[in-house]
Structures are given as C-alpha cells and as structure tokens.
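First the structure, in the form of structure tokens, and then the observations on it.
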Amino acid sequence: MRHSRAERPRRIDDPVDPIADLRANLNLLRYSVEQMTEAMKGILQEMRSFDARLSALEAGVAER
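Quick note on our numbering: the sequence shown kicks off at 166 and runs consecutively.
And the structure:
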C-alpha cells in the first residue's frame, strides 16, 4: 500500500503517535532508498559505457 509523501506537518501541540511516526519515517526511508537505487542504476550505466569506451581504446592501442 502506497502512502502520500506529502503528509500534513504535525503541529507542535499535537500529541505524537509513535506508530504513525514510525510509519512516516519508514515511508520516507523507503522513498529515499528507491531514489538512491534509481541514481545507482544511472551511475552503473555510465560506468558500463565508460568501460566499453576504455576497452575500445585499449584494443586500438594494442593493434599498433
């Protein structure tokens, strides 16, 4: 079940519901990990591309 990331901010005088607070923190952590995972996929793709270019360069140098 998905929850909105834009939850209403808690007022200072609102009582803290520990379960709801844990749920909100878990949802924030999940969102952060999902964003980090997407960023890492992009980084890995760039590394593969660089590795392919480097391999082509090495092959060109070895032919000389």
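Virtual Cβ for every residue (Gly too), placed ideally from N, Cα, C.
On a predicted model such as this, the values are computed, not experimentally measured, just so you know.
Problem set entry | Helix, strand or coil at ARG218 according to DSSP, with G and I counted as helix | Position 53 of the sequence shown, counted from the first residue, corresponds to residue 218. Helix, per DSSP.
Exercise. How many angstroms separate the CA atom of GLU203 from the CA atom of ASP186?
Worked result: Position 38 of the sequence shown, counted from the start, is the residue given in the question as residue 203. Position 21 of the sequence shown, counted from the start, is the residue given in the question as residue 186. If you draw a straight line from the Cα of GLU203 to the Cα of ASP186, it is about 26 Å long.
Problem set entry | Rounded straight-line distance, which links the Cα of MET201 to that of LEU219 | Counting from 1 along the sequence shown, the entry for residue 219 is found at position 54. Counting from 1 along the sequence shown, the entry for residue 201 is found at position 36. So the two alpha carbons sit approximately 26 Å from each other.
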